[in-house]
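Novice:
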Ligand SMILES: Nc1ncnc2c1ncn2[C@@H]1O[C@H](COP(=O)(O)OP(=O)(O)OP(=O)(O)O)[C@@H](O)[C@H]1O
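Structure, rendered in structure tokens:
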């Protein structure tokens, strides 16, 4: 019985399911032993057997032109994919099912994987009709969020990492593996914070842990520290076991020891790396030849930034909508290849920590930024270079097709041109890229000679190989496409040979091709003609040559396809063999494109080369915020500001006050971003900048909403502050924006003050501290290396004008109510707030002992807000009054001091003057 799936849920025409779906009556339990089904077809039994081996994946079961899903998989997939759920069989045996056409499957798989699900692809692995029973089907590939190869599913500009992690009481091990490119790194970290910091640099899509550990508290805590929660998968526990994992890695890389990767003393890193590689091979079912190197990540080599700092500074994504637009990457990414785009994101997520490397990048950027013609030449060549890493990855993992070969060939052909431009440069870094770019000329030549211009997606239908590459193939192509012409040629030749002008080559199903001769010409038929049939008017003959051609023409198409597949496999093997060189070339393209992008920004945005050195100074002249300056509308121009930090001198901690909306956060972030850009090797938005190398950048900015993770805003603020105080060093740069504002004013100010003191006295880091607690300005009186800065505003006709200029000194008030009015608070609320502010400022109790703050003033009797009034005093119950002028005695003493001509006084005169002043004051 053939079952017709009616119109496949309305998506396509009806298809016939194979006869092997015919139900068998009986009671069978499936392999996993969980499902009892009264009547089960051989095909359904096969389905359940495969499903039992892949219980945690959605099983895409290939039936004809569809991938079908059954049972819970069908219910889940139909909901997510919005496709109709149908049923196979009826009544008690009803099985929920849904399906997607195989040619459109990639899109659907992409959607499921982006929801964090695993998809197992089960294909027919033998031709139908080879022996009794149903065709064999096997899972040929498992696609998981961290194991994606398909270009339709992958974001070209983003990496797609799997992170395998393991831990014991001594620390953590992690491996980061990008299946599509073959990039592979391993690391060890002493604690969860350091591990999260390392993982957050690549934002893994999937976390692999040992089986049974999915719900471990360590995993929950780790995920809570990552900006993007990864999908979690469990791998066989034994694969994480260090000795086993090390043996597995040694055999994959064909090395004697793991010392080449720096992993012989890192059992946890080796364990994680072994498990990650095994997961790749288990899901992709291939040897993963493109994973040809493994590097150990060391903590010291980079400028460290924790996840919240990177997010707060909007390095890779804007806080507003999580997109690239509005982020530093969004502004600086002028790359033209996806290789470059991914590399640039990595450079910004993980700037350098070593001066020679920074200087090398800056030299390269300087050279390219001054050469506009070379820049454009390079960009136009690089535009032709495809995603070498992913093309090579797909082909190595057996998932690529001839289009990938073609794209690879076209891309490789551009590399010598890229090398030629870079070879003209003086910069050592740019020159060094030419080597790997020049290492693949034969493969480029071979692919361009071998692969057709527009090959098809499928591997089985021919059309992949270029004419002229293989003589045998050319013959088969000629036979299959020009077979009829050949037969006509035979006909013509035979006409000439026999002199029978009416001779014809014809075809019928019984004899195939034959020569037809009319009865009147039979006397001219040569001896080698073999008579086959006599009709009323003619006789039909065959010749050995005709039979041979017939054989060739009829099978040419099939033989052509087989040969093409074989040639494709040979070419693919050549690519796999060249994979390490392709990866190195891809690295060089990515680096060149990223440096080009920095150079383009430098030239187009007017950036300058920063001076980066080993000092602890940080001084920026006329600096701008790289993102805000690009976002300002026409007519608004960004006001540059100077910032100078020098802990060796007098400026270690800058307290920045200023009204709301003045630009405090902007100026602080621009300092951090400038340091980050400089250490990434980019020019910076400033007239001049000197950046003493930072080991870490910390920020505590804004109220990151962590409510979803069960922490209050204040708790998050304090946790982050505590992390900073524990981890900052005298080489760190710290940005603190309104510490303490998440709690009561007294508590907040006290915490802010204590934090600032600790940074100054104990940590010694360079810090910028923005606050609305104007009392913090007094810290400068107490501590030598604290400087006050404020952002100037002007009051004009009762309106605040923001000047955006950073000037020495502290601000007197916050203008919060004026800003609230600008934000459109109703006039009556603004009026009442002014009234309350005055009450707070006078700070007295009324006659009834009630706080005046609550007192309403009679209508019309409202006093205008005083521009000179201060905020509510906080230390002690008494409000801080505006400072009174000096007493007459003090004034006299001051005048005496002012009038003294110190440069003409002897030391004794000076002492006498001081004694006199002291007496008068007493
Ligand atoms: N130097 C500048 N030049 C031009 N516009 C600026 C400048 N600095 C800030 N702005 C603009 O002012 C807006 C407010 O700046 P910012 O958020 O830094 O103020 P703030 O003082 O931190 O405010 P609040 O105390 O309310 O948090 C910015 O979004 C930006 O558009």
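Residue numbers (our numbering): 11 to 932.
C-beta atoms are modelled at their ideal positions from N, C-alpha and C, and glycine is treated no differently.
Computed from a predicted model, the values in this text were never measured in an experiment.
#1: Residue 186: buried (16+ other C-beta within 10 angstroms of its C-beta) or exposed?
#2: Can you tell me which of the three DSSP states residue 350 falls into?
#3: Since residue 603 and residue 349 should fall inside the 8 Å C-beta cutoff, what is the C-beta to C-beta distance between them, to a whole number of angstroms?
#4: Taking 7 Å as the cut-off, is the CB of residue 675 close to at least one heavy atom of ligand 1?
#5: Do the stretch 237-256 and the stretch 145-162 meet, that is, are 3 or more Cβ pairs less than 8 Å apart?
#6: For a quick check, are the C-beta atoms of residue 624 and residue 801 less than 8 Å apart?
#7: I want to check one thing, is the minimum distance from the CB of residue 843 to the heavy atoms of ligand 1 below 7 Å?
#8: For residue 827, count neighbouring C-beta atoms within 10 Å of its own C-beta (all shown protein chains included) and say buried if the count is 16 or more, exposed if not.
#9: What is the rounded straight-line gap between the Cα of residue 970 and the Cα of residue 86?
#10: Quick one: grab the DSSP three-state call for residue 133.
#11: Which residue wins for smallest C-alpha separation from residue 358, given the options 528, 605, 396, 908?
#12: Under 8 Å Cβ to Cβ from residue 150, same chain only, skipping five residues before and after it: list those, please.
#13: Counting Cβ pairs closer than 8 Å, one from the stretch 750-760 and one from the stretch 636-645, do we hit at least three?
#14: With a threshold of 8 Å, are at least 3 pairs of Cβ atoms found where one atom belongs to the stretch 400-409 and the other to the stretch 422-432?
#15: Suppose the cutoff is 8 Å on Cβ atoms and the five residues either side in sequence are ignored; what does the same chain contact list for residue 757 look like?
#16: Please name the residue or residues paired with residue 776 in a DSSP beta bridge.
#17: Given residue 900, which residues of its chain have a CB within under 6 Å of its CB, disregarding the five upstream and five downstream residues?
#18: By DSSP, does residue 924 sit in helix, in strand, or in coil?
#19: From the DSSP output, read off the bridge partner residues of residue 665.
#20: Is residue 725 near ligand 1, with its Cβ less than 7 Å from a heavy atom?
#21: Using only the heavy atoms of ligand 1, determine whether one of them is closer than 7 Å to the beta carbon of residue 608.
#22: Once DSSP output is grouped into helix, strand and coil, what is the label at residue 171?
#23: To the nearest angstrom, how far is it from the Cα of residue 257 to the Cα of residue 60?
#24: Under 8 Å, do residue 391 and residue 428 count as touching if we go by C-beta distance?
#25: In whole angstroms, what separates the C-alpha of residue 146 from that of residue 610?
#26: To the nearest angstrom, report how far apart residue 546 and residue 527 are at their CA atoms.
#27: Would DSSP call residue 305 helix, strand or coil?
#28: Between the beta-carbon of residue 486 and the beta-carbon of residue 591, is there less than 8 Å?
#29: For residue 798, verify whether its CB is less than 7 Å away from any heavy atom of ligand 1.
#30: Check the DSSP bridge columns for residue 709 and list the partner residues they point to.
#31: Label residue 925 either buried or exposed according to how many other C-beta atoms from any shown protein chain fall within 10 Å of its C-beta, with 16 as the threshold for buried.
#32: DSSP on residue 162, reduced to helix/strand/coil?
#33: Pick helix, strand or coil for residue 680, following the three-state DSSP scheme.
#34: Give me the Cβ distance between residue 198 and residue 183, rounded to the nearest whole Å; I'm assuming they're in contact under 8 Å.
#35: Grab the span of the alpha helix (DSSP H) containing residue 78 for me, first residue to last.
#36: Once you ignore the five residues that flank residue 362 on each side, which residues in its own chain have a CB closer than 6 Å to its CB?
Specialist: Working from what's here:
#1: Residue burial is scored here from C-beta neighbours: residue 186 has at least 16 other C-beta atoms within 10 angstroms and is therefore classed as buried.
#2: Helix at residue 350.
#3: So it is a contact: roughly 6 Å between Cβ atoms.
#4: It does: the Cβ of residue 675 is within 7 Å (strictly closer) of some heavy atom of ligand 1.
#5: With a cut-off of 8 Å, the stretch 145-162 and the stretch 237-256 count as touching, because enough Cβ pairs lie within range.
#6: Against a cut-off of 8 Å, the Cβ pair of residue 801 and residue 624 comes out as no contact.
#7: No, since every heavy atom of ligand 1 falls outside the 7 Å radius drawn around the Cβ of residue 843.
#8: Classification for residue 827: buried.
#9: With the chain covering 11 to 932 only, the question about residue 970 has no answer from this structure.
#10: For residue 133, the three-state secondary structure derived from DSSP is strand.
#11: Residue 605 is the option with its Cα nearest to residue 358.
#12: Cβ neighbours of residue 150 within its own chain (closer than 8 Å, five residues either side excluded): 131, 132, 133, 135, 295.
#13: The stretch 750-760, when compared against the stretch 636-645, does not touch it at the 8 Å Cβ threshold.
#14: Counting C-beta pairs with one atom in each stretch, the stretch 400-409 and the stretch 422-432 have fewer than three that are closer than 8 Å, which means they do not touch.
#15: Excluding sequence neighbours, residue 757 sits near 750.
#16: Its beta-bridge partners are 743.
#17: So the list is empty, once near-sequence residues are dropped.
#18: Under the three-state reduction of DSSP output, residue 924 falls in the helix class.
#19: Paired residue(s): 779, 798.
#20: Outside the cutoff, so no.
#21: Incorrect: residue 608 has no Cβ contact closer than 7 Å to ligand 1.
#22: Here residue 171 carries a coil assignment [DSSP, helix/strand/coil].
#23: Counting only the Cα atoms, residue 60 lies some 30 Å from residue 257.
#24: Closer than 8 Å, so yes.
#25: So the alpha carbons of these two residues sit roughly 56 Å apart.
#26: Straight-line Cα distance between these residues: approximately 12 Å.
#27: Looking at residue 305 - three-state DSSP - the assignment turns out to be strand.
#28: No.
#29: Checking the Cβ of residue 798 against ligand 1 gives no.
#30: Answer by DSSP bridge pairing, in chain order: 745.
#31: An exposed status is given to residue 925, since fewer than 16 other beta-carbon atoms sit within 10 Å of its beta-carbon.
#32: DSSP places residue 162 in coil when its eight states are reduced to three.
#33: Here residue 680 sits in helix by DSSP.
#34: Rounded to the nearest angstrom, the Cβ distance from residue 198 to residue 183 is 5 Å, consistent with a contact under 8 Å.
#35: First-last for residue 78: 76-80, but that is the beta strand (DSSP E), not the alpha helix (DSSP H).
#36: Closer than 6 Å at Cβ, skipping near neighbours: 368, 689.
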